[in-house]
Amino acid sequence: MTHDQDANMASRGEKEREEHLEKVIEFTKLARNLGLFGWQPDTRADADLKERLIDSTQALITSAGTGDIETEIHNATETLREVRDLALVKWKPAFTIDEFEKTYMFAQIDALIGEEPHPDAEPRPEMEQPELPVWMRM
1 MTHDQDANMA
11 SRGEKEREEH
21 LEKVIEFTKL
31 ARNLGLFGWQ
41 PDTRADADLK
51 ERLIDSTQAL
61 ITSAGTGDIE
71 TEIHNATETL
81 REVRDLALVK
91 WKPAFTIDEF
101 EKTYMFAQID
111 ALIGEEPHPD
121 AEPRPEMEQP
131 ELPVWMRM
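Here the working numbering is used: the first residue of the sequence shown is 1, the next is one more, and so on.
Here you go:
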């Protein structure tokens with residue numbers, strides 16, 4: 001492989017990482033702006049963890065693209081992993097979010113952090129996956 005080919009492959013890898021980071025940031029921003037990161041009373045986490053998650057989400061959004069891509073991806077992934085694992089995604093009664101949209105959000109988190117699907121992320125077999133609702137599009 002020539003030096004130019006090596007450089008092109010490295011450039012493609014960097015572009016893919018940047019695109020992944022952009023998806024993570026946009027999803028995190030969407031969830032934060034819609035108030036979907038909530039604190040469920042049945043979680044065992046304390047107020048300090050809640051504050052740390054809010055702070056790390058805000059830091060991710062405001063510092064996006066200003067630092068090392070690998071570090072930003074790692075930080076974003078860990079934030080989303082904690083949100084998912086601690087069941088911090090909530091569905092406000094004021095929203096008319098149906099079961100598919102809820103499972104879609106869980107599936108998005110799983111895809112972004114590279115984990116096996118969350119149990120709640122499994123769509124019902126009889127459901128076709130509709131287009132993403134307008135209010136969820138960026």
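We put the beta carbon where it would ideally sit given N, CA and C, even for glycine.
Local Cβ density within 10 Å of residue i, reported as buried at 16 or more and exposed below that
{"i": "E70", "result": "exposed"}
{"i": "T28", "result": "buried"}
{"i": "T79", "result": "buried"}
{"i": "Q58", "result": "exposed"}
Own chain, CB closer than 7 Å to residue i, minus 5 neighbours either side, in chain order
{"i": "P125", "result": "Summary for P125: the model assigns pLDDT 42, below 50, so the residue's position carries little reliability; its value from the coordinates is reported in the next sentence. Once the five neighbours on either side are set aside, P125 has no close Cβ partner at all."}
Short Cβ contact (7 Å threshold) for residue i with residue j
{"i": "E72", "j": "L30", "result": "no"}
Own chain partners of residue i with C-beta closer than 8 Å, once the 5 adjacent residues on each side are dropped
{"i": "Q108", "result": "F27"}
{"i": "K23", "result": "L112"}
{"i": "T77", "result": "V24, L112, I113 and G114"}
Same chain, Cβ closer than 6 Å to residue i, neighbours up to 5 away in sequence not counted
{"i": "E19", "result": "none"}
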